[in-house]
Each structure stands twice: as structure tokens, then as C-alpha cells.
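Residue numbers (the working numbering): 1 to 155. Single-structure report; data block below.
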């Protein structure tokens, strides 16, 4: 197993534990598709649309409808273990530990990988700007589109 695979396995294990802890903490039960949706999103760091997810978790002869996936995604977002990537109308698992309120993403437009980032300076600037403008921030999402280092090498 390569170093990257080992790191990803640890990352997934932590995210799964967080998922189960959040379910318990919020007194929620797992729906019929929740775990499969979460496992699929944890399988890599790429975004997937609800329709992509429905296709990938459907069993032969038994199609999972997008509406069922949207219900699972809504619950997973409420639990703080999945993020919506608005610019791509897609979703990605949250790999952050503890409370995740980052909402800042580097999104590769070629390979579709997503990296969630935490930047204290950016946080400070947003907070200061909001205060200066007497604005109350409820939620913030910043999505930066470009090319990851791997895809830059292929140019």
C-alpha cells in the first residue's frame, strides 16, 4: 500500500467515525441510503452530483432515485459530514475533524478533485469586512476553481 493510500485510509476511517459520532450526538438514525452515499463520497476526494451518486449506488434491477439521494445528502449536510459544491451542483465528504465550518474549497476543473482548506487570515478578513459593513454572516462558502498540481503537470 502506497503512502497516499495509507493516508487516505486513515482519513476515511476518521471521517467515518465522525459520521457515526454525529449521528449518535444528534439522535438520528441512519436511513436506508445514508451509509452507501457517505461511503461513496468517502471513496475519493472528488465531487459527485446526486444523479452520479444514484447511478453508482443502484443495484442491478433496483434503481435508487435521485430524490432518495437528495434526502440522504440533506441529512449528511445537516450533520456536517458532507458539503455542497454549489458551482458544480455536487457534493463531497467533509474530512475535517471536529466541527467543520470551513466552507473553503480548491476545485480542480480537470480531474474534479476537491481540497478543503482552512485559512485563518481569510477567516479574519471576512469577519472584519462583515463587521465593518455591519453584516451578520450565517454561512460562508468560497469555491476556487483551477487546476491541481497533478493536472498542471499534464499541460
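Even glycine gets a Cβ: it sits at the ideal position worked out from N, Cα and C. None of these values were measured; they are calculated from a predicted model.
Quick check: the Cα distance between residue i and residue j, rounded to an integer number of angstroms?
i, j, result
"residue 42", "residue 53", "12 Å"
"residue 66", "residue 73", "10 Å"
"residue 143", "residue 88", "10 Å"
"residue 55", "residue 64", "7 Å"
"residue 137", "residue 86", "18 Å"
"residue 58", "residue 68", "11 Å"
"residue 106", "residue 44", "15 Å"
"residue 156", "residue 121", "In the structure as shown, the chain begins at 1 and stops at 155. Residue 156 is therefore absent and cannot be evaluated."
"residue 149", "residue 47", "17 Å"
"residue 152", "residue 114", "15 Å"
"residue 28", "residue 75", "9 Å"
"residue 14", "residue 20", "10 Å"
"residue 17", "residue 90", "23 Å"
So, with DSSP's three-state summary, where would you put residue i?
i, result
"residue 116", "strand"
"residue 74", "helix"
"residue 59", "strand"
"residue 67", "helix"
"residue 91", "strand"
"residue 132", "helix"
"residue 42", "helix"
"residue 79", "coil"
"residue 48", "strand"
"residue 32", "coil"
"residue 137", "coil"
"residue 125", "helix"
"residue 154", "coil"
Please check the pair residue i and residue j, which I expect to be a contact at CB under 8 Å, by giving their CB distance rounded to whole angstroms.
i, j, result
"residue 38", "residue 128", "36 Å between Cβ atoms; not a contact."
"residue 22", "residue 81", "6 Å"
"residue 79", "residue 26", "6 Å"
Within its chain, find whatever has a CB closer than 8 Å to the CB of residue i; leave out the 5 residues flanking it on each side and keep chain order.
i, result
"residue 118", "96, 102, 104"
"residue 126", "137, 140"
Who pairs with residue i in a beta bridge, going by DSSP?
i, result
"residue 143", "105"
"residue 85", "90"
Looking at the ligand GDP, does it come within less than 7 Å of residue i, judged from the CB to the closest heavy atom?
i, result
"residue 105", "The ligand GDP is not part of this structure, which contains no ligands at all."
Near residue i, which residues of its chain fall below 6 Å by C-beta distance, leaving aside the five closest residues on each side in sequence?
i, result
"residue 36", "57"
"residue 187", "Missing from the structure shown is residue 187; the chain here goes from 1 to 155 and no further."
For residue i, I'd like the list of residues in its chain whose CB is within less than 7 Å of its CB, leaving aside the five on either flank, ordered along the chain.
i, result
"residue 12", "42"
"residue 145", "87, 107, 109"
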